[in-house]
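Below is one structure; the comments refer to it alone.
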């Protein structure tokens with residue numbers, strides 16, 4: 002607690018990273034509910050000054066003492082760092098909001114999307130609240146709204162995931178590959194040509210420039226990837242539907258930032274196109290962008306840098322009056338990461354305030 | 002009929018186009034079953050010499066007389082040209098194999114995929130045989146094989162379609178846009194930035210470089226595109242399943258050539274992962290590329306320029322023992338267009354021969 006203002010102290014752990022940068026940007030533009038904001042980084046980044054809320058602040062090194070007096074610690078770091086340091090922050094008295102995958106779906110850790118299941122933030126026996134993965138966050142707010150009206154029964158999802166979800170290395174790799182393939186128009190006509198010239202694959206298991214890669218994360222089991230399993234398990238957990246049928250295929254595409262998903266959703270109730278569009282248009286955190294006659298639909302390059310999930314191509318399935326097909330886009334660094342973390346931290350701050 | 006050889010005369014209509022070029026390439030490498038091969042093009046391209054079967058041949062202008070003595074006329078032209086000229090070719094005695102959309106799903110015109118429904122090629126009251134669209138052709142050979150074993154009941158498809166399906170203009174547009182966005186790494190972080198710099202959208206309704214566009218074809222009805230309706234109607238027709246449930250979302254991606262599709266297929270029978278992989282591996286026209294532990298899966302850049310459909314990521318759905326999820330890639334200019342046309346023409350030639 003900040004002794005002057007009476008407002009909670011927030012620590013941003015990983016302030017100098019890609020998601021951390023977006024988080025600082027959001028803290029500067031959203032309602033200010035904090036006293037001190039403390040920037041925490043690796044030993045190497047300690048001493049770097051960053052701008053937050055219009056002022057420059059110095060990054061301190063990640064040590065146990067960095068959490069002294071901290072009420073809420075937002076973690077925007079790799080999972081192995083969060084796994085080690087979140088318990089330390091809790092021990093020093095902070096509530097941890099973890100954006101990494103370290104505690105997702107772990108026992109006694111609520112998985113929160115503030116538009117969908119805000120009340121569960123209070124049930125945190127370990128002092129840790131988790132934010133879901135970026136693929137789930139690209140669709141869950143819109144699906145939560147539709148579930149509220151029609152009752153979700155089954156989901157088939159195909160994703161179009163951006164390079165920045167693999168960090169700065171992902172973005173650098175995509176641009177470096179594009180430079181190598183962009184000039185030669187004979188490329189892309191023969192099998193393996195692109196693989197021969199792109200050079201470093203970076204964090205991806207195949208070339209990404211002028212290609213799509215049907216693989217995200219690690220191999221989980223029976224041919225499924227960890228990314229696909231996460232979409233299923235996180236969606237079930239957040240919506241409170243442990244039996245929900247989910248089949249996801251996760252694919253990386255040569256887009257810098259903003260994930261897209263093509264969703265086929267089957268409901269208990271019959272759906273109507275106009276009403277479903279209205280449900281989405283009225284939902285906080287969702288913008289409807291859906292006018293096929295004038296080619297209005299969301300695309301990653303049109304939604305990048307914005308907060309909401311954009312919904313378009315909403316149509317009732319031709320062969321099933323209980324099913325909707327739709328296309329969703331959202332910024333994987335904002336709602337897909339930093340924004341959801343910031344929103345969870347605000348829920349915790351509000352709870353402390355009153 | 003070629004009087005010397007006794008073999009049928011083939012006309013290639015649209016020999017100077019993008020698909021025509023691939024067709025000539027295929028005619029030079031596949032089994033030679035023709036006497037004369039006559040190249041037919043627009044008035045502007047008449048007189049151009051092109052190489053086929055190792056010899057140079059001169060393109061003749063598209064006139065009624067161009068079809069005199071022709072047994073089989075393969076059309077690789079826009080739909081409006083085929084609509085006008087296919088009946089002329091039939092009147093002059095040719096069997097037309099049409100790769101354009103002009104006669105697909107029309108009355109009394111069989112829609113043929115030689116690996117799936119070859120026998121229907123003989124039932125052609127109008128003298129015209131149609132080849133399906135490239136999105137359907139990206140998946141139908143693999144799905145036909147699985148249908149033969151398990152009995153297909155329902156399909157949910159999301160596509161990743163290449164620029165070259167929109168012709169040379171599509172490819173030129175993608176490269177021109179990539180040149181404009183490639184150098185500036187600040188681009189792609191703010192909404193609309195890319196739209197502001199890519200310049201000409203070409204045949205696409207939104208920027209394609211560093212983006213994906215959930216729209217192919219024209220608006221059909223109730224929010225569905227003509228591309229999505231075609232996947233449904235063509236699949237039903239080819240598999241002889243008029244009641245098949247199909248929900249497709251068609252999306253253009255910044256890939257030059259080779260379409261991909263993520264498929265969720267529900268069957269009458271229970272499926273087994275290993276057996277389904279075996280069914281695919283044994284199917285003519287399909288190559289299984291599926292070893293998740295070593296990151297083996299098909300990608301567009303690895304299959305471009307090859308004839309078969311490549312199948313990978315084959316897995317039984319976690320929540321439905323009757324459903325398979327898989328990822329398919331195929332060259333949209335080869336099996337997706339010229340190759341299927343060439344295969345149909347060979348069926349007709351074989352029929353005449355014996």
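Protein chains in written order, with my numbering: chain A, 2 to 355; chain B, 2 to 355.
Idealized CB from N, CA, C, for every residue including glycine.
Bear in mind that the values here come from a model prediction, so they are computed numbers and not experimental data.
Write down the C-beta distance between residue i and residue j rounded to the nearest angstrom, noting that I regard them as a contact closer than 8 Å.
i	j	result
residue 182/B	residue 172/B	At roughly 16 Å, the Cβ-Cβ gap does not stay under 8 Å, so residue 182/B and residue 172/B are not in contact.
residue 41/A	residue 80/A	Not quite, the Cβ-Cβ distance comes to about 17 Å (not below 8 Å), so this is no contact.
residue 17/B	residue 37/B	Not a contact, Cβ separation roughly 18 Å.
residue 260/A	residue 161/A	7 Å
residue 77/A	residue 105/A	In fact, because the Cβ distance is near 14 Å, the residues do not count as touching under 8 Å.
residue 337/B	residue 139/B	6 Å
residue 75/B	residue 14/B	7 Å
residue 1/B	residue 122/B	With chain B covering only 2 through 355, there is no way to say anything about residue 1/B.
residue 34/A	residue 347/A	6 Å
residue 167/A	residue 205/A	7 Å
residue 314/A	residue 224/B	6 Å
residue 312/A	residue 289/A	5 Å
residue 186/A	residue 19/A	With 8 Å as the limit, residue 186/A and residue 19/A do not qualify as a contact, their Cβ atoms being about 33 Å apart.
How is the alpha helix (DSSP H) around residue i delimited, first residue to last?
i	result
residue 197/B	194-198
residue 89/A	80-92
residue 138/B	135-138
Whole angstroms are fine: how far does the CA of residue j sit from the CA of residue i?
i	j	result
residue 96/A	residue 69/A	12 Å
residue 248/B	residue 201/A	37 Å
residue 84/B	residue 53/B	26 Å
residue 268/B	residue 317/B	11 Å
residue 220/A	residue 319/B	15 Å
residue 209/B	residue 178/B	8 Å
residue 254/B	residue 117/A	31 Å
residue 371/A	residue 252/B	Here chain A comprises residues numbered 2 to 355, so residue 371/A is not present and cannot be evaluated.
residue 1/B	residue 21/A	The structure shown does not extend to residue 1/B, since chain B spans only 2 to 355, so no value can be given for it.
residue 144/A	residue 272/A	13 Å
residue 99/B	residue 243/A	50 Å
residue 46/B	residue 102/B	23 Å
residue 278/B	residue 345/B	27 Å
residue 292/A	residue 323/A	22 Å
residue 281/A	residue 283/B	46 Å
residue 142/B	residue 5/B	37 Å
residue 264/B	residue 263/A	12 Å
residue 339/A	residue 30/A	13 Å
residue 309/B	residue 274/B	21 Å
residue 270/A	residue 107/A	32 Å
residue 207/B	residue 216/B	9 Å
residue 120/A	residue 257/A	34 Å
residue 234/B	residue 32/B	32 Å
residue 334/B	residue 335/A	38 Å
So the beta strand (DSSP E) residue i belongs to, where does it begin and stop?
i	result
residue 358/A	One cannot answer for residue 358/A here, as it falls past the ends of chain A, which runs 2 to 355.
residue 161/A	153-161
residue 56/B	56-59
residue 166/B	Run containing residue 166/B: none; DSSP gives neither H nor E here.
residue 330/B	324-331
residue 267/A	260-268
residue 18/B	Run containing residue 18/B: none; DSSP gives neither H nor E here.
residue 52/B	50-53
residue 228/B	It is not in any beta strand (DSSP E) - residue 228/B instead sits in the alpha helix (DSSP H) that spans 227-240.
residue 131/A	129-131
residue 113/B	Careful: residue 113/B lies outside any beta strand (DSSP E) and carries neither H nor E.
residue 39/A	38-42
residue 222/A	220-222
residue 249/B	246-250
residue 104/B	Looking at the DSSP string, residue 104/B is not in any beta strand (DSSP E), and its letter there is neither H nor E.
residue 76/B	73-76
Under 9 Å between beta-carbons, which chain D residues line up against residue i? List them in chain order, please.
i	result
residue 320/A	Here the protein chains are A and B, and chain D is not one of them.
Exercise. Counting Cβ pairs closer than 8 Å, one from the stretch 321-330 of chain B and one from the stretch 294-302 of chain B, do we hit at least three?
Worked result: yes
For this session: Mind the definition here: the stretch 242-261 of chain A touches the stretch 153-161 of chain A only if three or more C-beta pairs lie below 8 Å; say whether that holds.
Result: yes
Problem set entry | Segments of 3+ residues assigned as beta strand (DSSP E) that fall wholly inside the stretch 272-346 of chain A | 287-289, 310-317, 324-331
For this session: Evaluate contact between the stretch 108-118 of chain A and the stretch 85-92 of chain A, counting only Cβ atoms and requiring at least three cross-stretch pairs below 8 Å.
Result: no
Exercise. Is it a yes or a no for the stretch 183-194 of chain A touching the stretch 228-235 of chain A, going by three-plus beta-carbon pairs under 8 Å?
Worked result: no
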